[in-house]
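A.B. asks: I have a structure I would like to understand better, so I am pasting it below and will then ask my questions one at a time.
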Amino acid sequence: MLGCVRIATVRQMAQMITAEESDGRSYVRRAMVELESRGLAETNGKDGKHKIWNLTPAGQKALTDGNELPARPKAGTGAKAVRAGFGPHGLAVTDMILAYTDTVLRGRREYLTDWQVEVNHAIKQTGLSFNTDAVLAVPTKTSEVRLFELDNGSMSRARLAKEVWDYERYAGHRVWEGARGTIGGTYPFWQRHRYTRSTTFPRLHVVLAGKAEHLLETRLQALTAAVRGITIAVWANTLPRLQRGEPWCEIGIDDPHRRRSRYPEPAGR
2 MLGCVRIATV RQMAQMITAE ESDGRSYVRR AMVELESRGL AETNGKDGKH
52 KIWNLTPAGQ KALTDGNELP ARPKAGTGAK AVRAGFGPHG LAVTDMILAY
102 TDTVLRGRRE YLTDWQVEVN HAIKQTGLSF NTDAVLAVPT KTSEVRLFEL
152 DNGSMSRARL AKEVWDYERY AGHRVWEGAR GTIGGTYPFW QRHRYTRSTT
202 FPRLHVVLAG KAEHLLETRL QALTAAVRGI TIAVWANTLP RLQRGEPWCE
252 IGIDDPHRRR SRYPEPAGR
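Residues 2 to 270 in my numbering are what the sequence shown lists, from first letter to last.
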């Protein structure tokens, strides 16, 4: 679990690995102390009174060497983020992943290894670069990909809206292809260089957390208004609603034709 979500508390790990109605925190706590003694896990901060755990580089290597997870050479352990004060946000991302797995994926624990956190999306030519909080690659024939952004109540509404619009800018970027002297053509950057098996740009899920529920609902309404007219599929929810299994709000619809007209075509060679 820590190899995928990077940081978690004993409560979160127990929620994932123990049966419903069971409390496995004592077991998990003993297991983490054992891993710590072997240099495979460590703590670098607390969430209130609860320790925040992460793997060490040796722990990550042990997972890879044991074929427990696919190799992710650029993935960090999460320790730097905790020490920098981003522990609450990282734990909220973990709560989001657990809630989505429990409610939308019907508790199928095998899907946990298909999550990645802090996934960079960048287009060097335009300077656009942002990190997606979590990406789920569902192991189906079409390799369906879902993108997740979590706002823990720490950013302004304008900044949150900009982050969502960044996804449309990423989806709208096209690159030219063709040998010199030929007519050539263009194709979406994301479809050739990132999600090669996807036929449509992956749906973006925005989850709001970190505030009282009535404030989250107000924030959701504001986000809906701020992204009106966006040309990618965007679903939004609050973390409490997601944990209860309540439906998502569709606040953006995928429209590749309108998206293409909105962004300039690249010049040929």
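Every residue, glycine too, gets a C-beta built ideally from N, C-alpha and C.
1) Can you tell me where the alpha helix (DSSP H) holding Glu178 begins and where it ends?
2) Counting only runs of 4+ residues fully inside the stretch 5-46, write out the alpha helix (DSSP H) ranges in chain order.
3) If you follow the beta strand (DSSP E) that Gly186 is part of, which residue opens it and which one closes it?
4) Does DSSP put Ile98 in a helix, in a strand, or in coil?
5) Give me the DSSP bridge partner(s) of Val207.
6) If I follow the unbroken beta strand (DSSP E) through Thr253, where does it start and stop?
7) Among His258, Thr232, Lys47, Gly186, which one has its Cα closest to the Cα of Arg204?
8) When the Cα of Tyr112 is compared with those of Val228, Glu169, Ile98, which residue comes out closest?
9) Report all residues from its chain with a CB closer than 8 Å to the CB of Glu37; omit the five preceding and five following residues, and keep chain order.
10) Inspect the beta-carbon positions of Ile252 and Val228 and report whether they are closer than 8 Å.
11) Just to confirm, are Val165 and Leu148 a CB contact at a threshold of 8 Å?
C.D. replies: A quick look at the data gives this:
1) Per DSSP, Glu178 belongs to no alpha helix (DSSP H); it is in the beta strand (DSSP E), 175-178.
2) 11-18, 26-38
3) 186-189
4) helix
5) Glu150, Ala237
6) It should be noted that the sequence gives Gly, not Thr, for residue 253. Gly253 -> beta strand (DSSP E) spans 250-253.
7) Thr232
8) Ile98
9) Closer than 8 Å at the Cβ level, and outside the excluded window around Glu37, lie Glu43, Thr44.
10) yes
11) In this structure, Leu148 does not lie closer than 8 Å to Val165 by Cβ.
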